[in-house]
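Scroll down for the structure; my scribbles are underneath it.
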Amino acid sequence: MSTATKVILVTGGSRGIGAATCRLAAKAGYRVVINYASNEAAAKALAAEIEAAGGEAITIKGDVGNEADVMAMFAAVDGAFGRLDAFVNNAGVVDVKARVDEMSGARLERMMRINVIGSILCAREAVKRMSTLHGGKGGAIVNISSAAATLGSPGEYVDYAASKGAIDTFTIGLAKEVATEGIRVNAVRPGIIDTEIHASGGQPDRIAAIRGFVPMKREGKAQEVAQAVIWLLSEEASYTTGSILNVSGGR
Ligand code: NAP
C-alpha cells in the first residue's frame, strides 16, 4: 500500500514525456492519475509499473479536446481521490509536414481543439478544484509548450507552433489570474525529445535530421523534461509562476 497523499493528473500520461512525468511523480510521492486517448495497453502497463515499484496509479481514458470527456475525467479524479494537488497539461498532437498553404480547415481545428482548447478546458477544471477562491487548498499547474513556439516550425507545422505559442500566452495570463489563489502556473518548452510523437507526424527519422542543429548536438530524453516539470510542481519552485522554462539543449 502506498503512503502517498498528494494527487497528480497528467494528460497524455501514458507515453513519452507524460509517462516520464508520471514515473517521477510517483517517486516524488504523488498518487498518479494517467490520462490517455486510445492506447489502453500503454496506460495500464505504466500504472502496473508504478504500482510494482510501490506507488499508486489509476488510468482514465479521455480526449482532452472533448469537453464531456474532460468533465468526466476530472469527476473520476474527484471520485477516486477527492483532491487534486498537481496538474500537467501534457497531451498534445502534431500533424504531417505541410506548408500553411496546404493545410485543411479540419487539420487546423483538430490541432487547436486538442492542443489549445483541450489545455484551457483542463486548466479550467483544475483551477475549480485548486483555487482558494473555490474552497480549494491551492496547487500547481505545468503546461507543456514546445520550442516550436519560438522557432515557428516553417515548412513543417506552423499550426502546431502557433498552438504552442497560445500555450505560452495562456500560461502567463492564467498564472497572473490565480496568483493570489494558491496556484502556480508554469510551462516547459521541450526541444527535440526522443518520443513517438515524431513518428505519429509521419517523420520517424526527425530526430536524426534535427540533432545536428541542437547546440548540445543531441536529442533530449523524456525524463529530462519530466525533471523540469516535477521541479516546477514542487515547493522548491514556490516563488516561480508564469515562467516558461526551455528544456531544449540550447536550441
Ligand atoms: P507522444 O509520445 O506522442 O505521447 C502523446 C500522449 O498524449 C499519449 O499518452 C497519448 O495517448 C496522449 N494523447 C494524444 N492525444 C490526446 C488527446 N486528444 N487526449 C488525451 N490524451 C492524448 O507525445 P510526447 O512527445 O510525449 O509529447 C507530449 C507533449 O510534449 C505534447 O504536448 C507535445 O506537443 C510536447 N512536445 C514534445 C516534443 C518532442 O520532441 N517529443 C517537443 C516539444 C513539445 P495515447 O497513447 O492513448 O495515444
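Heads up, the sequence shown is in my numbering, so the first residue is 6 and it goes up one at a time. Even for Gly, the Cβ is constructed at its ideal location relative to N, Cα and C.
Threonine 155 beta carbon near the ligand NAP (any heavy atom closer than 7 Å): no
8 Å Cβ cutoff met for glycine 254 and glycine 196: yes
Three-state secondary structure assigned by DSSP to serine 19: coil
Any chain D beta carbon closer than 8 Å to glutamate 114: In summary, chain D is missing from the structure at hand, where a single protein chain is found.
Proximity winner among Glu224, Asp164, Cys27 and Thr246, relative to aspartate 106 (alpha-carbon distances): Asp164
When Ala73, Gly34 and Val147 are compared against threonine 16, the one with the closest alpha-carbon: Val147
Residue nearest to asparagine 44 in terms of C-alpha spacing, selected from Gly34, Ile65 and Glu54: The residue with the shortest Cα to Cα distance from asparagine 44 is Ile65.
Where glycine 67 sits in the DSSP three-state scheme: coil
Any 3 or more C-beta pairs closer than 8 Å across the stretch 13-29 and the stretch 195-211: A contact exists between the stretch 13-29 and the stretch 195-211.
Per-residue burial, tyrosine 244 [other beta carbons within 10 Å of its own, 16 or more giving buried]: exposed
C-alpha gap between asparagine 94 and glycine 225, whole angstroms: 19 Å
Beta-bridge pairing of isoleucine 198 - partner residues as DSSP gives them: Gly225
Coarse secondary structure for methionine 6, derived from DSSP in three states: No answer about methionine 6 holds up, because its pLDDT of 47 lies below 50 and its placement is not dependable.
Cβ neighbours of valine 234 in the same chain (closer than 7 Å, five flanking residues each side left out): Thr26, Val93, Val147 and Val193
beta-carbon aspartate 68 near the ligand NAP non-hydrogen atom, thresh 7 Å: yes
Simplified DSSP state of arginine 189, which is helix, strand or coil: strand
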